[in-house]
Amino acid sequence: MILILVLSLTYLTYLGGLGELPPNDVRLIAKNYLNLTYNPYVKSLWASSPEAVTAIVWDYRGLDTLFETVVFYGAVLAAITLFRKVAKEKDMLQSKGMSVVVKRATAIVTVAMLTVAFSTALHGHLTPGGGFQAGAIGAVAPLVMIVVFGKRYLEDRGLSYGRLLSLRNLALTGIGVTSIALFTYALIQGGFSFIFQNQGKSLSPYSFPSYTLDVPSGGILLFFNVFEFLAVLAGFTLVFLILLGSDELLSKEFEGGENGY
Amino acid sequence: MATLLDWALVIIGQALITIGVFCDLAAAISMLRFPNFYTRLHALTVGSVGGAFVPIVGVAFIAAGSEFLGVYRWFLAGSSLVIAVVELLLAGSGSHAIARATHRAKAAPTQPIIVDKLEEERGG
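Encoded structure:
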């Protein structure tokens, strides 16, 4: 039965029965992107980023990525809401963590993890990677540290619910402020600019600096990547911090209020 | 032209990689032939230190001696060395963590065994 379904679907697709197949010149779009993302000769269209993916994600369709970030923000918010009873509390279990050998090795490697994450964020406009990827890499560091050192150890040293929450809010606000910074600047100068504008267009000459000390800095993309990195890092860490609580703490959430309907 | 130093670096690197191949082979055989969990863990660490750390250092040497790579050989050599150091740190501490947890939880039989100081210390 499944076989017949698959075969008939394959046949239909082969015949083009499910609608028009994409045209052969669909690669023109990719060609245009590659031609224009880092093309100093057409400065009214370029994104000043040698990395085409980052240019597409944060410049050509920046608003789309902003909403993706907001979706992630909301998802983490929903996770916190489910665990709202225990989210703000410190863990009552004083875990000693793993042995001293593992602790030392983790302490050294954590620095390396955070360094890789930072460089992925800061080089997001030069090499593959970007804000979200950097945040996902960086979130491994607190995850490993919670397992190795124990959750209470980190909480006693300042990794708290409130701080992570404010870091997330700060990062999202940063993305918002960056997207209208050039607009505000143009208004003060008495000109006109688009929201989410990176480099100058034919209608408005204002643009973010595309070079810092002779290094391509990608204009607005650098700021977006750094803020996205902070938002994703804080979001993942928050979820790990809540979900990796001890059984004693988490059972308070699961036991429920009352039995029956 | 490749200088004498370049040749020396490449040959040292190849020797290290050969040692790594031997360690990997020994680790694979002893992983199958050793009698219990803890000795097999030793084979695992031989494989990850002797069979991964040493050849990556060898790769760093070979990259440093390959002048046709231009300036990029230093990137290759540097990243190989960093990877090697991280590997050395994590291989040892990882197998330590596994062995410690297994011994504490008594999850694997320790026989055949001659002496178990850890058990005596715990008064078992």
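Protein chains in written order, with our numbering: chain R, 16 to 276; chain V, 5 to 128.
For glycine and all other residues, C-beta sits at the position ideal for the given N, C-alpha and C.
All values derive from a computational prediction rather than experimental measurement.
May I have the straight-line CA-CA distance separating residue i from residue j, to the nearest angstrom?
i: Leu-228(R); j: Leu-24(R); result: 56 angstroms
i: Glu-83(R); j: Ala-70(R); result: 16 angstroms
i: Ala-196(R); j: Leu-182(R); result: 20 angstroms
i: Ile-117(V); j: Met-35(V); result: 18 angstroms
i: His-52(V); j: Val-90(V); result: Note on residue identity: the sequence assigns Ser, not His, to residue 52(V). Those two C-alpha atoms are separated by around 12 angstroms.
i: Met-16(R); j: Val-91(R); result: 41 angstroms
i: Gln-212(R); j: Thr-135(R); result: 23 angstroms
i: Trp-133(V); j: Ile-203(R); result: No answer is possible for residue 133(V): the residues shown for chain V start at 5 and end at 128.
i: Ser-261(R); j: Thr-52(R); result: 49 angstroms
i: Ala-246(R); j: Met-107(R); result: 28 angstroms
i: Val-254(R); j: Gly-146(R); result: 18 angstroms
i: Ala-249(R); j: Pro-55(R); result: 36 angstroms
i: Thr-114(V); j: Lys-118(R); result: 26 angstroms
i: Leu-30(R); j: Leu-20(R); result: 15 angstroms
i: Pro-220(R); j: Thr-199(R); result: 14 angstroms
Is it the case that the Cβ atoms of residue i and residue j are separated by a distance below 9 angstroms?
i: Ala-201(R); j: Ser-208(R); result: yes
i: Ala-103(V); j: Ala-81(V); result: no
i: Ala-10(R); j: Ala-132(R); result: Given a span of 16 to 276 for chain R in the structure shown, any question on residue 10(R) remains unanswerable.
i: Gly-234(R); j: Ser-64(R); result: yes
i: Gly-62(V); j: Leu-20(V); result: yes
i: Gly-24(V); j: Gly-55(V); result: yes
i: Thr-116(R); j: Ser-97(V); result: Before going on, a small fix: residue 116(R) reads as Val here, not Thr. Yes, Cβ-Cβ distance for Val-116(R) and Ser-97(V) is below 9 angstroms.
i: Val-124(R); j: Val-68(R); result: no
i: Phe-251(R); j: Pro-157(R); result: yes
i: His-140(R); j: Leu-18(R); result: no
i: Ala-31(V); j: Leu-48(V); result: yes
i: Leu-265(R); j: Ile-161(R); result: no
i: Ser-114(R); j: Ala-101(V); result: yes
i: Leu-137(R); j: Glu-268(R); result: no
i: Ile-257(R); j: Val-86(R); result: no
i: Asn-184(R); j: Trp-73(R); result: no
i: Leu-169(R); j: Gly-153(R); result: no
Of all the CB atoms in chain V, is at least one closer than 9 angstroms to the CB of residue i?
i: Met-336(R); result: In this structure chain R extends from 16 to 276, so residue 336(R) is not present and cannot be described.
i: Ile-123(R); result: yes
i: Ala-120(R); result: yes
i: Val-155(R); result: no
i: Val-116(R); result: yes
Spell out the partners DSSP gives residue i in its beta bridges.
i: Val-254(R); result: None, per the DSSP bridge assignment.
i: Tyr-226(R); result: Pro-231(R)
Looking at the C-beta of residue i, does it have a partner C-beta in chain R at a distance below 9 angstroms?
i: Leu-93(V); result: yes
i: Val-63(V); result: no
i: Ala-81(V); result: no
i: Val-90(V); result: yes
i: Ala-30(V); result: no
i: Ser-97(V); result: yes
i: Val-75(V); result: no
i: His-46(V); result: no
i: Ala-101(V); result: yes
i: Val-25(V); result: no
i: Val-14(V); result: no
Pull out every residue of the segment 126 to 152 of chain R whose Cβ sits closer than 7 angstroms to any Cβ of chain V, in chain order. Ala-127
The segment 103 to 125 of chain V: which residues have C-beta closer than 9 angstroms to a C-beta of chain R, in chain order? Arg-104 and Ala-105
Could you name the residues of the segment 50 to 61 of chain V whose beta carbon sits closer than 9 angstroms to any beta carbon of chain R, in the order they occur along the chain? none
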